[in-house]
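Novice: There's a structure below that I have some questions on.
6 protein chains.
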Amino acid sequence: MFTHKKELQFHAKPERPDPVYAKKLQEILGGQFGEISVAMQYLFQGWNTRGNEKYKDLIMDTGAEEIGHVEMIATMIARLLDKAAVKDQEEAAKDPVIGSIMGDMNPQHAIVNGLGAAPKDANGNPWNADYIVSSGNLLADMRANVNAESQGRLQVARLYEMTEDRGVREMLSFLLARDTMHQNQWIAAIRELEEKEGVVAPSTVPPEWEATEFSHQLINFSEGEESAQLDWMGKEAPDGKAKFEYASKPVAHAEKPKLEPAPPYVHDTPPHDQK
Amino acid sequence: MFTHKKELQFHAKPERPDPVYAKKLQEILGGQFGEISVAMQYLFQGWNTRGNEKYKDLIMDTGAEEIGHVEMIATMIARLLDKAAVKDQEEAAKDPVIGSIMGDMNPQHAIVNGLGAAPKDANGNPWNADYIVSSGNLLADMRANVNAESQGRLQVARLYEMTEDRGVREMLSFLLARDTMHQNQWIAAIRELEEKEGVVAPSTVPPEWEATEFSHQLINFSEGEESAQLDWMGKEAPDGKAKFEYASKPVAHAEKPKLEPAPPYVHDTPPHDQK
Amino acid sequence: MFTHKKELQFHAKPERPDPVYAKKLQEILGGQFGEISVAMQYLFQGWNTRGNEKYKDLIMDTGAEEIGHVEMIATMIARLLDKAAVKDQEEAAKDPVIGSIMGDMNPQHAIVNGLGAAPKDANGNPWNADYIVSSGNLLADMRANVNAESQGRLQVARLYEMTEDRGVREMLSFLLARDTMHQNQWIAAIRELEEKEGVVAPSTVPPEWEATEFSHQLINFSEGEESAQLDWMGKEAPDGKAKFEYASKPVAHAEKPKLEPAPPYVHDTPPHDQK
Amino acid sequence: MFTHKKELQFHAKPERPDPVYAKKLQEILGGQFGEISVAMQYLFQGWNTRGNEKYKDLIMDTGAEEIGHVEMIATMIARLLDKAAVKDQEEAAKDPVIGSIMGDMNPQHAIVNGLGAAPKDANGNPWNADYIVSSGNLLADMRANVNAESQGRLQVARLYEMTEDRGVREMLSFLLARDTMHQNQWIAAIRELEEKEGVVAPSTVPPEWEATEFSHQLINFSEGEESAQLDWMGKEAPDGKAKFEYASKPVAHAEKPKLEPAPPYVHDTPPHDQK
Amino acid sequence: MFTHKKELQFHAKPERPDPVYAKKLQEILGGQFGEISVAMQYLFQGWNTRGNEKYKDLIMDTGAEEIGHVEMIATMIARLLDKAAVKDQEEAAKDPVIGSIMGDMNPQHAIVNGLGAAPKDANGNPWNADYIVSSGNLLADMRANVNAESQGRLQVARLYEMTEDRGVREMLSFLLARDTMHQNQWIAAIRELEEKEGVVAPSTVPPEWEATEFSHQLINFSEGEESAQLDWMGKEAPDGKAKFEYASKPVAHAEKPKLEPAPPYVHDTPPHDQK
Amino acid sequence: MFTHKKELQFHAKPERPDPVYAKKLQEILGGQFGEISVAMQYLFQGWNTRGNEKYKDLIMDTGAEEIGHVEMIATMIARLLDKAAVKDQEEAAKDPVIGSIMGDMNPQHAIVNGLGAAPKDANGNPWNADYIVSSGNLLADMRANVNAESQGRLQVARLYEMTEDRGVREMLSFLLARDTMHQNQWIAAIRELEEKEGVVAPSTVPPEWEATEFSHQLINFSEGEESAQLDWMGKEAPDGKAKFEYASKPVAHAEKPKLEPAPPYVHDTPPHDQK
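Okay, here's the thing in structure tokens:
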């Protein structure tokens, strides 16, 4: 059960409106690695956790916080859109500053959302649940989480470069910090889990299921051997089970496949053309 | 530039057709973490790599291999669909074994693809590019890669449980092994990069951009303090910059937001209703 | 800012697992009118509200509650999936009860989510933000809300018919009640707003913008005049500005359009084929 | 069965080309509440109507008309794109008026559609069937319809503000009028149905299915009691069954959920990590 | 402008309900090559035609007819769903015939659409505008049309195999015939246009834009030379400009690309990792 | 199995960066008819081919080549983005040339991809598998292929018009040539197959399945008889089975459909409203 407090977790007030920047900021609201993604990813992981109450709680702590981040960015976007001029473009274009800015705002911010934020990315693609991961396997999902926080923090840093507005930058400085924390915590979790389970997820696959002769071999599918020069090549692999080996020549272990002819009732290519 | 060899990298021949299993196997072909996803993710990362030829080559080696895995699974699916009976369902349902199987196959395998594989997941959702990550930041992307290989190997393990067919299992044993290798190699890469850069991605954010007082704090947004009992809580965080601290009570650092009234030309709620 | 309480708002415990029903129940979790949709719709409407603090609060009260409903249904689905058998289908099909049930579960519940809920609908389509409405106009959005609660409650009623499980039905009885409340409250809001503004949204369009001779006319585009027999036909329209009139014959008020030829630099049909 | 008349229902001729406005106008052609949406929504509702021939006819009258509106807007967009210059951007940018306009047109209008309209929205997202509603329940669907016409008319009003072109405005004045009519007719229908059925959809749910103690209660999930001050709070609810009551403190009626451990064959978190 | 006639163009009445077949039939209603696709494709092509009134008329004749086909199939699906039992699955599964059938129907047909058709495909994916083609180039679009009618007729043939219901087959026999006509007409159009323009679309590309030394060469990118044995290999190509030639060995005409290092403000891989 | 050669098939080096053009060029990388589409379409067709090794090889030759085209365009886009300025827009807008260009670049190129290419179209829509066709029927699929190459070459020609950069144009001249070849080869294949099978796909439908009285009739659904004047009207149809005939008046061959009332358990419109 969730309750809402009207005060924001952190400041979300720009120095002045900037509808073009509002369009860009949508990326970390409703993009692939925006705040909606991490909120939903953590909530679903938490709700689906079977056992391990400590990690379930950690995930829910973080998930609930992220809904508040969605709120902060949505509020910021609404303010960046304040009084955005929405009028005849050709007229506006006579003033290059106004013209350039007006043309570049997201037209749906005015037409669809009435100067409000939308759960969409910087190109206007709607957020969708394909962005998130909830597998039931804690180690695998912690990796999804550190991935999401890494990509997310990278995007915040790039957006920080794109504005001089002190109010916007203040909010982004908070998001950078929280993404630092979240990377730290998921990495700490991964280290603890790897210590117990080993590094290869899932750790429950019995060795006899696996063609282990292929488990530590880099195969040179892209001509040229630069990758053989990597420092860790030839050394023990992270799973501690063997050394990395380098296979210069890709080998085809199976024959050329030849499919059975199609039965007539599927109306594939007729027999005379199958020859 | 890519060239194709008709022999398969590994065997992809089931003992006998099984159209219901073909539907399930689609997940690791065209699902969020299927082989198309890793192939496309690695290829785009490789093409976009600026500098670091060793890692570029490693990524391209792996990307090119994965196209061959798409080929193996597509071939397996086509064979699992061999001679799938496609006829009146009610008639078939009189034999419960046939009826159950027929009903459960993916209808598009027959209607749309003529007993062939499709770039779709186990529920028939088409593959889309929102599944992949290519950010230009090597550490961040290596994390995306270890995430993808962890989720992917987990799904292969689950699919292994769902069949007794020795031919299918043989192919899956190869995929398990390659996913082991790929997890190993991306983890090795992450370790090398973290050693040089530090663990928080991107590592190029100057400290003065970040509200560092929030960079190591777990905030208890989900009532109950189980997460405070985690072994690593209170200890040094992976970035080595501070200890994890635990904040029992979430604090709102900003005021309740109040947005400006909408200008009349956007036809939001009229003034008398805004009060 | 949002905080989470681990206790559920209401019971979400089935009498016994039922993976096939779990698949169906996904509709009111992650479908077009599922709980994710109403939660996100209300939160975005609330965050974007400019003025009218009473309605903003009402919307936020309801939005925060809905996240808790997502949680209840996700929990119920995880329990319906408890110990779902996931094995060789043909083997299972020999027992028609098990075979039929196993075949009909959502394969991603096992392969992708490890027996957990997903933000998807009953056919496995991922939730997406195209399902929601946040326009900045309060009257228009209240109509979106009563629409969502009507469709949502209708789906809950249908799902109630599809199970005999007393635990599931208990949860659905709560959702039916809350959807009753939410329909009631949005209707009350609409009535209040219509009284102040009039019934046609947006109410701020000046009459001279509108070709008002077409504002009260039903045009008989589908041959046959059954619709002319509607009780309210010929009577005063809800906006009180005129009576409904019935136009038996559709009239074309404009000429047949003829587009300019394409300029050569777009490589449309070449001139000789444009004739 | 449908027949086409080449004359347009109303004028669709701009004073002069304006490719930037063409991009914006796409919203009411192929956006969430564009004309394709209402056309498809009404046609599917009509085709699926079981009984009630008067309403079926009303719905089909309106659905057939809306295809003609799609035609008008598509024609307008093609004309707004007439002779759109499509050339080297940097060259063009030297003239700020031309540069701004060229940069802001939808690039697919030139590259993909050869200066023609597309079934997409103002950001180029393709129209999809998730935008529409056809539930089989007449009252519920009438609410979907008044929602669609309210959002649609709001967008037309905003687009009217964004142009000074008299030809475009003439077409929009017609669309405003038809949306007025359609709001009026769906509201009249709702009133008639509510009078017969009651206001809560679907009206066929027996009271014993519903936890009616929760059917009239506003729960204060967003701290602060502004919503308690709404005029209608405490008064009889629209369904006439009880007064609205206000619950200041959200109550959790169920225990904290604890899921069963995952069976080993799904390879979720292994037992030692579940603790 | 479009008008509707309530009589159907052709019969759409099954002998008896069959909800499982209803699910499959959705493919030719709302799938990639279903009737919605051809209707929308032809209408947009017609509306965007610049000049050539004869072809514009042909396209509009066909587009308007296709809306009537959508109507026929939607009606058929509603009837196949008549009285579909929608109840507890486990109970039903005791009768293998009923159980198998119930489990295999599209759950959204009951939960979302109230036993009506939906604009979706056989796996429940919503129709979307990415399925259609309208390029402004008549020859190119005629090829899109013959493609659509070929895939569409193939799917109708496969669906014909999957039922014994005489009512369904009667409707399909009509659709097969109309798809024959439409293939014939688009092929006739292509032949006429190719005769005037030549076979390579668009025909307006000046030869000096094209690296013509690569315009007639098959390059053997897939090892093995079976394709060199094709009857037409070595003979004059359809464009009449040269003979087909066969290049046994793929040649790389450009160097290995090396991208510039990323500027620091995008926070890609930092300099020490770029080496 | 696929191997990669680091040298490009052809040059992909612009004279100078142009981030706005990079956005447009995305269309032929990740759009509906971009290189990813043809690569995936041919690979899936090849993998699913049952019999006919010559055509399978031809398809695989072409599919493998197309992955190399994806590579060329991705490389070109990364170079067009070299050192793209990514900073405060309002500041930049003071210089109209820079301002216009910066505003028009795809914001995700900087925020998400770190100045790299993405598998998306010119409006930022992610590539998805609904763009491709693989039906199992060779004649039908060859038509899909000639369609794809026609639309693709048309888009390349339009993009050629939009730049003066000699490096970009050089790459496009190669793509124009390869699209010429691919149109030629698929047309040659179609001609060979049509000669053996006849022109109507699939050719395996027995005549008694088809209501052949409707197989050669153009029905005048769009009022006005321009289409009757087409040169080929009245002449023998391409299938050689009859002459094209022209039906001036559309005829409804079936009665007005009336659906059965809905059973109460689906909670459609209640009985009193069904009347």
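Residue numbers (my numbering), protein chains in the order written: chain A, 23 to 297; chain B, 23 to 297; chain C, 23 to 297; chain D, 23 to 297; chain E, 23 to 297; chain F, 23 to 297. We put the CB at the ideal spot given by N, CA and C, even for glycine.
(1) Touch check for the stretch 25-42 of chain A and the stretch 83-96 of chain A: three-plus C-beta pairs under 8 Å?
(2) Nearest-angstrom Cα distance between Gly-174 (chain C) and Leu-161 (chain F)?
(3) Just grab the DSSP bridge partners of Glu-267 (chain B) for me.
(4) Measuring straight from C-alpha to C-alpha, what distance separates Lys-78 (chain D) and Lys-45 (chain F)?
(5) Is Ala-166 (chain D) near Asn-169 (chain C), with beta carbons less than 7 Å apart?
(6) Within the 7 Å Cβ cut-off, does Leu-102 (chain C) reach chain D?
(7) Would you mind working out which of E:Glu-192, E:Glu-216, E:Gly-220, E:Asn-150 sits nearest Ser-59 (chain E), comparing C-alpha positions?
(8) Going along the stretch 70-101 of chain B in order, which residues come within less than 7 Å of chain F, judged by CB to CB distance?
(9) According to DSSP, what are the bridge partners of Ser-244 (chain B)?
(10) Under a CB-based cut-off of 7 Å, is Ser-225 (chain D) close to chain F?
(11) List, in order along the chain, the chain B residues whose C-beta lies closer than 7 Å to that of Ala-284 (chain E)?
(12) Quick one: which residues of the stretch 125-143 of chain C get their C-beta closer than 9 Å to a C-beta of chain B? List them in chain order.
(13) Cβ atoms of Asn-128 (chain A) and Gln-130 (chain F): under 7 Å apart, would you say?
(14) In terms of alpha-carbon separation, which member of F:Pro-285, F:Lys-28, F:Pro-292, F:Lys-297 lies closest to Lys-105 (chain E)?
(15) Reducing DSSP to helix, strand and coil, say where Asn-150 (chain A) ends up.
(16) Using the three-state DSSP reduction, which class does Glu-93 (chain D) fall into: helix, strand or coil?
(17) Can you tell me whether Lys-142 (chain E) is helix, strand or coil according to DSSP?
(18) Can you list, in chain order, the residues of the stretch 230-243 of chain D whose Cβ is nearer than 7 Å to any Cβ on chain F?
(19) Since Asp-201 (chain D) is in the alpha helix (DSSP H), which residue starts that stretch and which ends it?
(20) Taking Cβ positions, are Thr-25 (chain F) and Phe-236 (chain A) nearer each other than 7 Å?
(21) Sort out for me which residues DSSP pairs Glu-258 (chain B) with in a bridge.
(22) Tell me which residues of the stretch 180-211 of chain F have at least one Cβ-Cβ distance to chain C shorter than 7 Å, keeping chain order.
(23) Can you find a heavy atom of the ligand ADP that lies under 6 Å from the Cβ of Glu-186 (chain A)?
(24) With a cut-off of 8 Å on the beta carbons, I'd call Gly-246 (chain F) and Gly-158 (chain B) a contact; round off their distance for me.
(25) From Ile-30 (chain B) to Glu-192 (chain B), what does the alpha carbon distance come to, in whole angstroms?
(26) Among A:Ser-225, A:Glu-88, A:Gly-90, which residue has its Cα nearest to the Cα of Pro-292 (chain D)?
(27) Would you decide whether Glu-217 (chain F) is buried or exposed? Buried here means 16 or more other CB atoms lie within 10 Å of its CB.
(28) When the Cα atoms are used, what is the spatial distance from Gly-220 (chain C) to Gln-207 (chain D)?
(29) Thinking Glu-267 (chain D) and Ser-195 (chain C) are a contact (beta carbons under 8 Å), I'd like their distance in whole angstroms, please.
(30) Give the C-beta separation of Ile-241 (chain A) and Ala-269 (chain A) to the nearest angstrom, bearing in mind that I take them to be a contact with Cβ-Cβ under 8 Å.
(31) Counting along the chain, where does the alpha helix (DSSP H) carrying Ala-61 (chain B) start and finish?
(32) Give a yes or no on whether 7 Å exceeds the smallest Cβ distance from Lys-105 (chain D) to chain F.
(33) Taking DSSP as the reference, what is the three-state secondary structure of Ser-156 (chain C)?
(34) How many Å lie between Arg-200 (chain D) and Ile-209 (chain D) at the Cα?
(35) Could you check whether the Cβ of Gln-63 (chain E) sits closer than 7 Å to any Cβ belonging to chain B?
(36) With 16 other CB atoms within 10 Å as the buried threshold, where does His-289 (chain E) fall?
Specialist: Taking the structure as given:
(1) yes
(2) 46 Å
(3) B:Gln-239
(4) Taking the straight line from one Cα to the other gives about 47 Å.
(5) Yes, the pair counts as a contact, with Cβ atoms nearer than the cut-off.
(6) No, its Cβ sits nowhere closer than 7 Å to a Cβ of chain D.
(7) E:Asn-150
(8) Asn-70, Met-82, Ala-86, Ile-89, Gly-90, Glu-93, Ala-96, Thr-97, Ala-100
(9) C:His-26
(10) yes
(11) Arg-72, Gly-158
(12) Gly-125, Asp-126, Asn-128, Pro-129, Gln-130, Ala-132, Ile-133, Val-134, Gly-136, Lys-142
(13) no
(14) F:Pro-285
(15) strand
(16) helix
(17) strand
(18) Residues of the stretch 230-243 of chain D that bring their beta carbon within less than 7 Å of a beta carbon in chain F are absent altogether.
(19) 188-219
(20) no
(21) Glu-258 (chain B) is bridged to B:Lys-265.
(22) Arg-180, Glu-183
(23) Judged by which ligands are present, the structure shown has none, so any question about the ligand ADP falls away.
(24) Contact between Gly-246 (chain F) and Gly-158 (chain B) does not hold, since the beta-carbon distance rounds to 56 Å and is not under 8 Å.
(25) This sequence places Leu at residue 30 (chain B); Ile is not what is there. C-alpha separation (whole angstroms): 14 Å.
(26) A:Ser-225
(27) That one is exposed.
(28) 15 Å
(29) With 8 Å as the limit, Glu-267 (chain D) and Ser-195 (chain C) do not qualify as a contact, their Cβ atoms being about 19 Å apart.
(30) 5 Å
(31) 57-70
(32) no
(33) coil
(34) If I take the Cα positions, the gap works out to 14 Å.
(35) no
(36) Around the C-beta of His-289 (chain E), 16 or more other C-beta atoms lie within 10 Å, and the residue is accordingly described as buried.
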